[in-house]
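Asks:
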Amino acid sequence: MRKIAFIIAIAFVLSLVIGLNPTEAKEPVKIGILCPITGTQAVMSEDLLTGFKLAQEEINDAGGILGRPVKLIVEDTETRPAAGMDAARKLIEVDKVKIISGGFSSGVALPIAKYCQEHKILAVFQPPTSPLFRHVGSYIFLTNVLDNYKGKVIADFAVQDSGKTRFATMFMNNAFGKALMDETLKNLQKNGAQVVSKVVYELNKVDYKAELQRLFSKKPEAIIATFYAKEGLVTAKQAYEMGMLDVNKVPWYVPEMTSSFASAIKKIPNVLEGIKGLNPLPPGALFMEKFKKKMGREPITAYAAMNYDALVMIAMAANFANSVDPTKVRDALWKIDDWYRGQSTGGDKRFDKDGMQGYGKYAKVIIRNGKIVPYKK
Amino acid sequence: MTIVNFLIYFLIMVGIYALLAMSLNLQVGYAGLINFGQVVFFCIGAYTSSLLATKTGLPLLFCFLLAMIVSGFFGYVMSIPTKSLKSDYWAIATLAAAEVFRLVALNEGWLTGGPFGVMSIPQPLRFLFSMENYPLFYLFLVTLCVIIVFFALALITDSPFGRDLKAIREEEDLCLSLGKNTRKLKLEAMVVGGMVGGLAGALFAHYVTFISPENFWPIETFLLWAMIIVGGRGNHAGAILGAALIQIFNVSTRFIGEYVSLGSDSMASLRMVIIGFLIIIFVSYRPEGIIKEKKKVYDPRNIR
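As given, the protein sequences belong to chains A and B, one line each in that order.
First residue of the first sequence: 4, per my numbering; consecutive thereafter.
First residue of the second sequence: 5, per my numbering; consecutive thereafter.
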């Protein structure tokens with residue numbers, strides 16, 4: 004008798020548990036996110052993830068993808084290609100994710116992009132900006148503008164604004180710096196300017212005096228240079244000490260103002276006075292407001308908004324295609340990009356024929372009184 | 005797209021790391037050469053093989069062999085200026101050599117593609133297999149290499165040459181006093197280590213089909229060190245076990261994150277902390293590693 008009572012009790016508990024399981028909840032749509040949570044780019048990871056999370060909340064509030072909620076599976080790339088591949092393989096083969104976003108650095112994301120293309124996984128990457136992405140294949144999309152385009156804009160801006168013809172350039176030695184440099188040099192030449200010294204520097208050094216001396220060795224009339232936060236701080240400080248930051252004599256043009264001087268502008272704002280350059284257009288007002296509400300501060304990078312755009316566009320395309328099949332979502336991406344008003348790179352998120360961002364714009368900026376403000380001549 | 009595919013990928017990476025760990029183990033575990041630049045062999049092997057394959061179209065078998073030869077030769081070149089150095093200086097010199105080579109790969113764009121790396125590296129016998137079956141074949145290839153290298157190294161280390169290497173590790177001066185040419189012995193250990201490392205590099209490059217200097221940062225060397233510290237120095241099985249354990253650990257933390265309330269973003273940071281802990285625990289409580297080096301007692305009558 005006790006045995007029967009026991010069995011009934013268990014059956015009762017089981018039925019409760021099963022009953023509690025909400026039958027109407029649908030299986031979520033899984034989207035894989037690759038993010039540099041550790042490693043050299045880790046500073047930005049919180050912002051990058053917030054961009055995705057804001058989009059996720061918004062999509063789920065609006066009914067999700069085909070009525071199913073969006074679930075993000077986040078994996079760390081450690082800013083290291085081997086670890087990035089581990090992460091992507093885990094997402095694709097174990098979690099069975101069909102759509103991937105994130106990425107961040109070109110060296111990490113390129114092999115992953117090739118793998119995605121081979122296995123027909125849709126990848127909507129953000130910042131990796133090596134021109135090699137253009138030729139990987141039809142499943143690869145970018146939400147950031149390629150460096151080639153930026154190289155042209157900074158060269159035109161620097162030549163027209165300064166009216167000088169003898170330039171010196173300084174870029175970091177990685178895929179990002181190299182691509183940007185090649186395009187900048189080409190366009191300086193097109194504008195009839197001469198490049199008297201081309202300095203390429205290694206990242207993570209504590210002293211850039213030798214590089215700065217080479218930069219100024221042939222008496223250039225204007226400088227084009229770009230940095231990451233850490234290198235920007237060291238270089239700005241040393242250039243100032245060496246008397247090279249007198250922008251009235253030799254003006255400086257920086258293709259990536261915010262990321263170049265993210266630390267310097269907090270610690271030594273006065274030495275940067277008068278440096279001109281480009282910035283991605285700031286995120287849209289809608290995004291800024293949401294971000295501030297969630298995090299209590301402004302985003303440190305415009306890339307957060309690109310992640311937001313990536314996820315929203317994926318959701319829109321999937322709903323439009325009435326499917327989560329990567330091939331169908333890919334085809335729909337080409338259609339919805341015309342209507343979608345983005346929150347990053349000025350809002351125009353149209354893809355060109357290779358899935359790259361072809362129509363983005365940049366803001367011309369200048370540093371005045373320790374702040375980056377819009378520049379007008 | 006199943007968990008089986010992930011397992012195959014995982015085992016291939018374990019195999020490649022096992023080769024590197026065995027190579028490092030030969031230098032550290034047997035000869036006592038503290039090599040902090042092990043990744044350089046990996047780098048040279050990967051670049052040699054992939055550049056030969058993409059630029060000259062040489063049959064891949066020759067690319068692999070040349071990768072081993074060039075990498076072994078670099079082991080020789082690296083030990084010429086450093087051969088008279090004591091262990092700690094040896095460590096610094098090897099670390100520097102590895103960085104120099106990575107910087108050459110990064111800057112000589114006409115040859116290595118610079119920061120953009122080498123793309124579209126061909127894969128051996130790719131045309132014989134479908135996309136689903138190819139990884140299985142590659143796993144077979146890597147396993148075969150691991151087995152061959154395992155027995156080849158076992159043969160070498162059981163020979164008089166292996167005993168001499170151990171003698172250098174234990175007491176170099178004693179070894180010298182017995183009339184052994186310790187410089188030559190060290191050099192030979194580096195060449196063999198270099199060849200095995202080069203093989204691992206070639207296998208890696210032709211598997212992932214894309215390499216760039218970012219693959220060869222010094223952090224890789226220290227992961228290999230973690231492998232032989234955990235697995236056990238002075239025996240080849242220890243190196244393989246260590247490679248498998250560190251790789252399992254690296255990957256499994258990605259899965260645990262979902263079940264522990266930490267979330268995968270905190271797990272990511274925790275992973276590095278735990279690997280550090282693991283090294284400290286092993287160094288202080290079990291310095292010989294999981295598989296202890298077997299003490300061999302020789303019958304004096306059999307030694308000539």
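Using N, Cα and C, we set each Cβ at its ideal position, and we do this for glycine too.
Keep in mind it's a predicted model, so treat the numbers as computed, not measured.
Is the region 332-346 of chain A touching the region 72-85 of chain A, taking contact as three or more C-beta pairs under 8 angstroms?
Replies: no
Asks: For the beta strand (DSSP E) that contains B:Y80, what are its first and last residues?
Replies: For B:Y80, there is no enclosing beta strand (DSSP E); the enclosing alpha helix (DSSP H) covers residues 64-86.
Asks: Taking C-beta to C-beta, are A:Y231 and A:L51 nearer than 9 angstroms?
Replies: no
Asks: Using a C-beta cutoff of 9 angstroms, does A:S133 count as contacting chain B?
Replies: In terms of beta-carbon proximity, A:S133 lines the interface with chain B, with at least one pair separated by less than 9 angstroms.
Asks: What would DSSP say about A:F144, mapped onto helix, strand or coil?
Replies: strand
Asks: Would you mind stating whether A:P114 and A:M88 have Cβ atoms separated by less than 9 angstroms?
Replies: Contact flag set, yes.
Asks: Would you verify that the beta carbon of A:R92 is, or is not, closer than 9 angstroms to some beta carbon of chain B?
Replies: yes
Asks: Give the straight-line distance between the Cα atoms of B:R237 and B:G293, rounded to the nearest whole angstrom.
Replies: The straight-line gap from Cα to Cα measures roughly 7 angstroms.
Asks: Tell me, please, whether the CB atom of B:S54 is closer than 9 angstroms to any CB atom in chain A?
Replies: no
Asks: From the DSSP output, read off the bridge partner residues of A:G105.
Replies: A:L37, A:F128
Asks: Tell me where the alpha helix (DSSP H) around B:V122 begins and ends.
Replies: Counting along the chain, no alpha helix (DSSP H) covers B:V122, and no H or E run does either.
Asks: Thinking C-alpha only, which one of B:F226, B:L110, B:Y302, B:E174 is nearest B:F40?
Replies: B:F226
Asks: Which ranges does the alpha helix (DSSP H) cover as unbroken runs of at least 4 residues, wholly within the region 274-308 of chain A, from first to last along the chain?
Replies: 288-298
Asks: Going along the chain, which residues of its own chain have a beta-carbon closer than 8 angstroms to the beta-carbon of A:L23, five neighbours each way excluded?
Replies: A caution first: A:L23 carries a pLDDT of 45, below 50, which makes its placement in the model unreliable, though a value can still be read off. Taken in chain order, the list of residues that qualify is empty.
Asks: In three-state terms, what does DSSP make of A:Y343?
Replies: Three-state DSSP puts A:Y343 in coil, outside helix and strand.
Asks: Since A:D79 is in the beta strand (DSSP E), which residue starts that stretch and which ends it?
Replies: 73-79
Asks: Which chain A residues are close to B:T1, counting only those with a beta carbon under 9 angstroms from its beta carbon?
Replies: Outside the shown range of chain B (5 to 308) lies residue 1 of chain B, about which nothing can therefore be said.
Asks: Can you tell me whether A:F174 is helix, strand or coil according to DSSP?
Replies: strand
Asks: Which residues mark the beginning and the end of the alpha helix (DSSP H) in which B:R106 is found?
Replies: 91-111
Asks: Since B:A109 contacts B:P217 with CB under 8 angstroms, what's their CB separation in whole angstroms?
Replies: 5 angstroms
Asks: Starting from B:E218, find everything on chain A with Cβ-Cβ shorter than 7 angstroms and list it in chain order.
Replies: P84, G110
Asks: Return the CA-CA distance between B:F208 and B:G36, expressed in angstroms with no decimal places.
Replies: Cα-Cα distance, rounded: 27 angstroms.
Asks: Leaving aside the five residues before and after B:V18 along the sequence, list all residues of the same chain whose C-beta is less than 7 angstroms from its C-beta, in chain order.
Replies: Within the same chain, and ignoring the five residues on either side of B:V18 in sequence, the residues whose Cβ sits closer than 7 angstroms to its Cβ are A247, A248, Q251.
Asks: Just the C-alpha distance for A:F107 and A:T304, rounded to the nearest angstrom, thanks.
Replies: Between A:F107 and A:T304, the C-alpha separation is close to 12 angstroms.
Asks: Could you spell out the range, first to last residue, of the alpha helix (DSSP H) harbouring A:R92?
Replies: 84-92
Asks: Sort out for me which residues DSSP pairs A:F354 with in a bridge.
Replies: A:Q360
Asks: Along chain A, in chain order, which residues have C-beta atoms closer than 7 angstroms to that of B:P119?
Replies: Neighbours of B:P119 across chain A, judged by C-beta separation under 7 angstroms: N176, N177, A178, K181.
Asks: Could you say which of A:Q241, A:S109, A:Q192 lies nearest to A:S133 if we only look at CA atoms?
Replies: A:S109
Asks: Based on Cα-Cα distance, which residue from B:V153, B:P128, B:I151, B:S54 lies nearest to B:F141?
Replies: B:P128
Asks: Just the chain B side, please: which residues come within less than 8 angstroms of A:P114 by C-beta, in chain order?
Replies: V212, T213, F214
Asks: For a test of the three-state rule: what should DSSP assign to A:I68, helix, strand or coil?
Replies: strand
Asks: Since B:W229 is in the beta strand (DSSP E), which residue starts that stretch and which ends it?
Replies: B:W229 -> not in any beta strand (DSSP E); alpha helix (DSSP H) instead, spanning 223-235.
Asks: Determine, for B:L159, whether the minimum Cβ-Cβ distance to residues of chain A falls below 9 angstroms.
Replies: no
Asks: Quick one: grab the DSSP three-state call for B:V43.
Replies: Helix.
Asks: For A:E27, does the three-state DSSP call read helix, strand or coil?
Replies: Because the pLDDT of A:E27 is 47, which lies under 50, any placement of that residue in the model is unreliable, and the question is left without a value.
Asks: Comparing alpha-carbon positions, which option in A:A65, A:L183, A:R169 lies nearest A:M175?
Replies: When only C-alpha atoms are compared, the closest one is A:L183.
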